[in-house]
Every structure is written in C-alpha cells, then in structure tokens.
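**Student:** Take the sequence shown: its letter number 188 is residue 201 in our numbering, and every next letter is one higher.
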Amino acid sequence: MKQVFLQFVIFLSFISFSSKTYCQDSVNVINAEFSKMQANPPMEKLYLHLDKATYSSGATIWFKGYLVTATMHAPFAWSRFIYVELFDKSEKLIARKKIKKQDGIFAGNIKLETELQEGEYTIRAYTTWMLNNDSDLLFKKIIHVVNFQPSDVISQIEYETNEDGKTTAVVGFFDKAGKAIEKTGIICTVKLDEDQLETFKRKTGPDGKITFDFERKNQQLKSQYIKVTFENSPTEYSNKFFLPSINEDDFDLQFFSEGGVFLAGKENNVAFKAIAHDGFSTEISGYILQNGTDTIAKVKSEHRGMGAFNIRPLPGAEYQLIATDSKGVEKSFTLPTAVLEGAALSVKSFNSFLQLQIRARGKDLPKPFYIVAHSCENLIFTQLVDQLQYNIPIENLPDGVIHFVLVDGNMKPVSSRLAFVKKDAPVELTVEPDKPNYQKRELVTLSLNLEKKDSLLRKGDFSISVTDDMVVETDSLADNIYSNLLLTSDLKGNIEDPAFYFLNNNYDTNHYLDLLMLTQGWQRFDIGDVINNKLEKPKHFLEVGQTISGVYESTLLGKQKDTPITALAVNPLISVETKADENGNFLFEELDFPDSTVFTIQSQKYTKIKQEPAGFIKIDKDSFPSFSNDGLLPAKVSQLSDSLLHNAEERLYYEGEGRMILLDEFVVKATDKRKNDMVKYGMSSTVLDQEALAEKFPIEQMADFIVKTMSGVFSKNDQVFLQGSATPAEIYVDGMETDMSSLSNISSKDIDKIVVIKGAGAALYSQGGGGLGGVILINLKEGGDFTYKLNGVVKYAPLGYQKPSEFYVPKYEVDSIRNSREPDVRSTVYWQPNVIVDESGAASIQFYAADPNTNYTYILEGITDRGDICRYVGKLRREPE
14 MKQVFLQFVI FLSFISFSSK TYCQDSVNVI NAEFSKMQAN PPMEKLYLHL DKATYSSGAT
74 IWFKGYLVTA TMHAPFAWSR FIYVELFDKS EKLIARKKIK KQDGIFAGNI KLETELQEGE
134 YTIRAYTTWM LNNDSDLLFK KIIHVVNFQP SDVISQIEYE TNEDGKTTAV VGFFDKAGKA
194 IEKTGIICTV KLDEDQLETF KRKTGPDGKI TFDFERKNQQ LKSQYIKVTF ENSPTEYSNK
254 FFLPSINEDD FDLQFFSEGG VFLAGKENNV AFKAIAHDGF STEISGYILQ NGTDTIAKVK
314 SEHRGMGAFN IRPLPGAEYQ LIATDSKGVE KSFTLPTAVL EGAALSVKSF NSFLQLQIRA
374 RGKDLPKPFY IVAHSCENLI FTQLVDQLQY NIPIENLPDG VIHFVLVDGN MKPVSSRLAF
434 VKKDAPVELT VEPDKPNYQK RELVTLSLNL EKKDSLLRKG DFSISVTDDM VVETDSLADN
494 IYSNLLLTSD LKGNIEDPAF YFLNNNYDTN HYLDLLMLTQ GWQRFDIGDV INNKLEKPKH
554 FLEVGQTISG VYESTLLGKQ KDTPITALAV NPLISVETKA DENGNFLFEE LDFPDSTVFT
614 IQSQKYTKIK QEPAGFIKID KDSFPSFSND GLLPAKVSQL SDSLLHNAEE RLYYEGEGRM
674 ILLDEFVVKA TDKRKNDMVK YGMSSTVLDQ EALAEKFPIE QMADFIVKTM SGVFSKNDQV
734 FLQGSATPAE IYVDGMETDM SSLSNISSKD IDKIVVIKGA GAALYSQGGG GLGGVILINL
794 KEGGDFTYKL NGVVKYAPLG YQKPSEFYVP KYEVDSIRNS REPDVRSTVY WQPNVIVDES
854 GAASIQFYAA DPNTNYTYIL EGITDRGDIC RYVGKLRREP E
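1. Beta-carbon separation of L529 and M319 under 8 Å?
2. DSSP state of P577, grouped into three classes?
3. Taking Cβ to Cβ, would you say P88 is nearer than 8 Å to V97?
4. I'd like the ranges of any beta strand (DSSP E) spanning at least 3 consecutive residues and lying wholly in the stretch 137-221.
5. Does the distance from the C-beta atom of T841 to that of T480 stay below 8 Å?
6. Got a sec, what are the start and stop residues for the alpha helix (DSSP H) E708 sits in?
7. In the DSSP assignment, what are the bridge partners of D437?
8. Exposed or buried, G6, counting other C-beta atoms within 10 Å across all chains shown (16 or more means buried)?
9. May I ask which residues mark the beginning and end of the alpha helix (DSSP H) holding A287?
10. Under the three-state reduction of DSSP, which class applies to G875: helix, strand or coil?
11. Tell me which residue opens and which closes the beta strand (DSSP E) that G355 is part of.
12. Which residues bound the beta strand (DSSP E) around S562?
13. Compare the Cα-Cα distances from N507 to each of S294, Q396, Q452 and S429 and report the closest residue.
14. Tell me whether Q37 sits in a helix, a strand or coil according to DSSP, three-state version.
15. State the DSSP-derived secondary structure class of V420, mapped to helix, strand or coil.
16. Let me confirm a value: N493 is counted as buried when at least 16 other C-beta atoms fall within 10 Å, else exposed. Which label applies?
17. Are F554 and A580 touching if we call contact CB-CB under 8 Å?
18. Report back the beta-carbon spacing between L604 and G558 to the nearest angstrom; my notes put them in contact at under 8 Å.
19. So, for K766: in the same chain, excluding its five sequence neighbours on each side, which residues have a beta-carbon less than 6 Å away from its beta-carbon?
20. Give the secondary structure of H387 by DSSP, where H, G and I count as helix, E and B as strand, and everything else as coil.
21. Do you know offhand how far Y814's Cα is from Q115's?
22. Given a threshold of 16 other Cβ atoms within 10 Å of its Cβ, counted over all protein chains shown, does L79 qualify as buried or as exposed?
23. Quick check on R886: buried or exposed, where buried means 16 or more other Cβ atoms within 10 Å of its Cβ?
24. Can you tell me the Cα-Cα spacing of M56 and L456, whole angstroms?
25. Considering only the beta carbon of each residue, do L369 and F417 sit closer than 8 Å?
26. How close, in whole Å, do the beta carbons of I301 and I324 come, if the pair is a contact with beta carbons under 8 Å?
27. Below 8 Å on the Cβ atoms is my guess for F225 versus A182; work out the distance and round it to an integer in Å.
28. Tell me which residue opens and which closes the beta strand (DSSP E) that T67 is part of.
29. Using alpha carbons as the reference points, say which of S251, G292, V241 and M753 lies closest to T261.
30. In whole angstroms, what separates the C-alpha of Y250 from that of T242?
31. Assuming contact is defined by CB atoms lying nearer than 8 Å, are T180 and F227 in contact in what I supplied?
32. Determine, using beta carbons only, whether Y134 and I118 come nearer to each other than 8 Å.
33. Is it buried or exposed, Y383, if we count other Cβ atoms within 10 angstroms and call 16 or more buried?
34. Just verifying my parser: in three-state terms, what is the DSSP assignment at G671?
35. Do you know how far the Cα of T308 is from the Cα of W535?
36. Below 7 Å CB to CB, which residues in the same chain sit around V203 once its five sequence neighbours on both sides are set aside?
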C-alpha cells in the first residue's frame, strides 16, 4: 500500500482526508470537545528539586517547586500556592508546608525533628488544581533519613511464620552495653490493615524479650508495622518495625497486548512485565505453550523485567507462559483469551517518523474509525481512517508522551497506544568552574551559559544543589526534572530508574523506552469522556489567593442574610469584613497570611448596652488528600555504603541555620514550669498544663468535664462555682468570655493550659465582672479545634504559607573568619533556589568550599520561559592540603 505522509499543525489544527460530510462532522465534534476542555485553566505538573535524597535527623530538607502547564511545560501555570508534605512509612503525616509563589518561585524547607526515626519517608507535593486529576499524578519522592542520635536502648525483632498462618514476633530490648532490659512494661501496637489495629501490653523477661502472635491476612501492604513503646519507664523509648513480605521468592507477570486488544488470527505484539515481591522488577525467561502441550515461542525479558513477543493466537486456543525468574523460581501464567472481533493500533518508531498500523477483524465493527492523537489536553490531530497505515513525521510532534487513540463510529475509544517522542533540545545548559580544583574555604565561581540552537530569546529559572560526595550519595538513574516532567508525571504505576531512558539516544535505550510505553498506562483523563462531553467538572478550586469560608447560623429569631461577619488577626494585622448570604454562607477573599496566623471570626449584633451574640459560626476547615504508601517503590538510596555512613556519623553538620552536634544523653535540671505559673497567676491558682492534663486524663475528655472535676470547683444549674464563693466563676477561652455549655465542644487534646484563679488575683483577668466568683482561663493550643457555640465567635488558625528563609552559607571574605578553627563540614555545601539566567543566556554562581578534602557534585535544574527543560550535573575537586 502506498504510504502517505501526513502534514500536521501542532495543537489545534488537523487535516481531514475524508470528503464525506458526516465524517467531517465527527472530526469537528472531537475537535470541539477538546476545545471545551482547553477552556478551563491548564492542567498542571509540579516537580520538586531537593538539595539531596538522604538526610540525617535534625537536618533541613531544602526544595524548590517547578510548577508548569501539563502540556509544553510552560512556567505559566495559574496556581499561586503549592503544598509539600512529608509522610513516614506508616503513612503518618510528619510535616505539611504551604508555599506561596514569591519573587517568581516556589521555595521552602522542612526541618526534621532530631528524634525522627531512621527509615524511608515520602515527600508529596501538589496544587489544589492538580487534585482534579488522578492522585497518582501528584509529585512523590522517597527519601531516606538516618538517625545518628545516641540511644540508651537497642531493640531487635525476629519473625517466624507457623503452619497455621500465624506469625510469632520476638522483640528484644538491650542497653548500649548489650545487657538485657528486664521487667519493663511495653505497649505494643500492631497495624496490619486500615481496619486492623491492635494494641496490647507485655513485660520484658530476664532475657529482655517479649513474644506475641498475629495473623497477616494481607501480606502485600507496605504500611504494616509493629510499634513498641516503654510504659511508665524513666527512659523514653519508642520504635517501629515494618513487616517484611512473607514470600520473598514470589513474583508476578503481567501481559499487555499492543493497543489493548488480543486479536485472534492476527499478529499481536504482546509486552510483559515481571515484578518481584518487593515491587522491583525481576528478569525472567521462559516459553509459551499452546493448549498445554505445544511450545510455540521462547521469551526473555530485556530490561527491568520488561520484554515482548509476537504471537498469532488461534480462535479458542489457550496459551500459557512458563516463566523462571532470576532466583530459579518457576511459575505458569495464562495469557488473555483472544477475541474474535475488534480493532487495535500498533506503533513502530523510525528515525524520522512514527508508523501507525491498524489491525482489525470482524464484519460488524462500528465504522468509520478515527485516530485521535493528543499530548495531554492539547489535540494534535484527528484523522478519519481510510487506510491501514500512516507515517507521521516526528518533527511535527512535541517531546514526551503522545497518546494515540482509535475511536469507532459510535465515538467510543476501542484501542490506545502510547509512544514517546525524544528530540534534540533547542537549548543546552553548560557550566564552567573558574578553576580545576579548590582549596579549603576558597571562593568557587560557576559560570552558566544557556546555549541556543535557534534564534529565539529565552530566560531561565534554575536551582542548584552542591553536595559533598564523602557523605551524600547521588543516583544518576533516579527521577529528575527531565524524566519527571516528560515521563513519570503522565504515566500510571512506578517507573524504575526513570532517568535511565534519557542517558542517551541510542537504539537500545529507545527500544526499552518503547517497552515502557507498552507496559505503563495513561492516566490524566479518559479521552472517551472528553469526546462524549462527559468529563467531570472540577471539584477542586484553582488557588490564586487565600480565602476563609464558612456558614453563619442565626439564633431562632435572628436573620442570616446580610449579617456582618468580621475576621481579625493581630500578627500580622488583618481586619476584613463580609456578609452572609441567604443561606448563611460567607467568604473572605484576597487574604494574605503566613503560617501560625490566628483569626478571630465573629458575628455580633449591637444594642445600646453592649455587643451581644448573634448566632454561631462554623468554619470550612482545610482538607487534604489521603495518602497511601501502597505501590511506591522503596528508596534505593536506603542501602547506604558503610563508608558514607561512617563519614556522616563522624561529622558535625551544618544544616541551614546552624551546627548540630551529636552528644550522649544527659540530664538537664530546669525550673519547674508550674512554679512560674504560680508566680504569674498567684499562689491561690490551680494550673493544669499539657503534661498534667495528659497525666490526669489519658483518655480524651471534654473541657466541661475536666473543669467540673478540678479540685475546689463545683457546678450548679449549668454554672460553675469555686469553693467558698456564691458568685459564678467567669470562664474565658483564649481571652473570650464564654459559658459552661460551650466547653463541651473543646477537647483535651486541643488545650494548652487551664488556670483556676480565685481571690484578689482573679480581678486582673476579669473583663467586667470584677472576678468576685473567680476566673477560669482556658488557653488552646495553636490551631486548636473549637467552635464557640451560639456566641458568634470562633478562633481559627488555617494553614498559612511558610515564611521565606535562606540557606545558611558561610562567607570567608576576611582572614579572621577564613582562619577560624570552627570546623566547616557541610553535607549540602550550597543550595540556591533562585538562579536567574537573563536573555543574554549567562549567569554566575558563587559560594565557598568547605573544609574536608573531597569532591563535590553539583546539580542544576530549571526551565526556560519557553518550556525548555534543562539539567546539568558536574563535579568539583577539593585540592589536598
């Protein structure tokens, strides 16, 4: 058949090869529906550049977010805030930061607690607008945290699975000298599933060990763990053990017929992917049996467990692949049943074009067919199928993942095929150090140059990380800005070593990349929903400014519409007003507040005498997407070399704002905080702080119950009195007067302190009553959850944006500082999230070398204003003393 080269105009144009009006109308419909989708704000992608992938507890994670449009990667996405979260392996939230775009960039940090347990943690980042797509599209990266803090306790665990399926765990506890810790109460928590959490107690024996049994119904969940905590012990200790897979020799094999259709009587290209128990790939070899007897082909994986074979299945025949993995384990897998009718797309890649082929079988197929090609939400072309093969020039296609979809005459997608287009970049980032090597504390100057291969003007936005090779491991195959924005951010499932596919442009690498296209799925949206006008409306808003919303509910006789609602914050000073609508809804827009801002939101009616309550307010609290570790590959950097760990443990760390020195545990004698409270509130006062509340009420209680049970306090007719007084005590929550009924909404977990004051000292804290009956003060924790019922006032601390902070860089500009004996052993030698290359294409970066005689690795990542993705990795040498 004569080949016809199609000429395309990228993104919104097409050429129809049909003269039939109804076919042209269908093409127009597909185009029109894509245009409707494009009328929304552009879809977004977010990538984080971290200063490194391994951290010590107590260190700081520095990051920069690159927010771009999902197509063409233009740095003009509309969102003005990103969210960056850190989760541990048990899916517990460790930190959440909201980052505002300031000075044109998203940059921030997460300070790690010194007590943070060693292990793997996941960083997740997103915008609210990104939540309208599959949650797998949110940026995720696994990092490793090592803890060099000395511990007086060492715990070890052993497992043994019995024939009845139950697992016996033996946990031993020892001191630093190896001596068993005897007769110590242990609180054990076993989490095996979302709905399977068990807590019980044990006591260590003479050997320092405890034993217990549990049954694992789901052995594949990665978040299963056992937590052990000392109970009533002078030594505080807690540890988590994550459960390993029981069957470490198992593996799975998945089949992917090209185009998604396994067509009988036709030549089918079938890809496969072998996965081991730990989620990583495993290599396999084997053979295919037809009807259990005839060997018709031999197969072997080619790369990361992926491979492919050609087969022409007979109608009604059964096929199995007998596979053996790298450990010698043999398993049998059944291929899908071949269908007798259908149509499917195939793609072959050549140097200058992609060849599309159509396989079809059956007389009653709903014709005509159309080929729809798109890159994310941008339509590349719609083609009426009038032949079985098309050649598409690569020069007319954008970089990255291209989605080809075969649509039948009923506007139903029947087959799809992903292809990856890899082209030479129009710009190249180069970096030139001013010297071949550097001495201790010497100034380093790096000259950046953005070399263009065309005549277009460009500016660039970059970030740079410089790390010490002696203590920081870098993985050249790990996800980076290039592989993430072009590849991993558009595909389902985990991609092992994604940067491998961009190391070069040779045949083998591109062949393996095509195997990846055959075995990974597209996930951003369903094209069938697009062309049939069934795409769901966005459920999550585009966040271009900060807002606070809620509902005002009036009292029985009060009104809701046009009720004034005010919001006041002291630090920073914010005072705004709005009005509730007929349903009581209200909204404060165009706010600007950093984290830890506390708002007092109120609605009050005024009389000649005083300001009186006018109903109550319910705030729409911040909500965040759920998180799961399932399906995430463990971090390969977790297996750090002994030399790196030794070097890191021997060091002092300069992590951003200062030095952290590792010391053995010691006892600090400090003034009792409660004595200070006595001085502040008076000797006749009673103070319950967080520690006292937790000790007296280990189970969560409401504030009204806590107040009633305090010494010298009694209640009568919904009022509270202090002993010896006939006048009710005044109650204040965070300085606002309230009544006993409102305390039923306050949980003990939200209380920072409760103070009961009687006598003359009460008058100092009374706001008009004189304090004759005493005063009860309740201070909430920052961000405490509490609604002032029916008093028109609520305190609310929403998640605000992180205040900017700079990475600490010593400057050895004068001899007195340069010759200081204070050691400089930074692991991250330099971090700068705001490197701007102007239209001249040049920029310069300067920092000072640290003390150790070692090599540095520097990584520059960034994007131009035309969406060109850039990355450069280089080495610097420290000159021996």
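By construction, the Cβ of each residue, glycine as well, lies at the ideal position given by its N, Cα and C atoms.
Just so it is clear, the structure is predicted and the values come from calculations on it, not from any experiment.
**Tutor:** Reading it off the structure:
1. yes
2. strand
3. no
4. 152-159, 166-174, 179-188, 198-206 and 209-216
5. yes
6. Q703 to K709
7. BP columns for D437 are empty, so no partner.
8. Coverage of the chain is limited to positions 14 through 894, which leaves residue 6 absent and any answer about it impossible.
9. No alpha helix (DSSP H) contains A287, which is instead part of the beta strand (DSSP E) from N281 to A289.
10. strand
11. Counting along the chain, the beta strand (DSSP E) containing G355 begins and ends at G355 to S362.
12. Q559 to E566
13. S294
14. helix
15. strand
16. N493 comes out buried.
17. Contact check for F554 against A580 fails: the beta carbons are separated by 8 Å or more.
18. 7 Å
19. D702 and N792
20. strand
21. Cα to Cα, Y814 sits roughly 11 Å from Q115.
22. The sequence shown places Tyr at residue 79, rather than the Leu named in the question. The residue is buried, with at least 16 neighbouring Cβ atoms inside 10 Å.
23. First, the amino acid is wrong: residue 886 is Val here, not Arg. So V886 counts as exposed.
24. 42 Å
25. yes
26. 7 Å
27. 6 Å
28. T67 to S69
29. According to the sequence shown, residue 261 is Glu rather than Thr. Nearest of S251, G292, V241 and M753 to E261, Cα basis: G292.
30. Here the alpha carbons of T242 and Y250 stand approximately 6 Å from one another.
31. yes
32. no
33. buried
34. At G671, the pLDDT of 41 sits below 50, so the modelled position is not reliable; the number obtained from the coordinates is stated separately. Looking at G671 - three-state DSSP - the assignment turns out to be coil, as it is neither helix nor strand.
35. 34 Å
36. E211, F227 and I239
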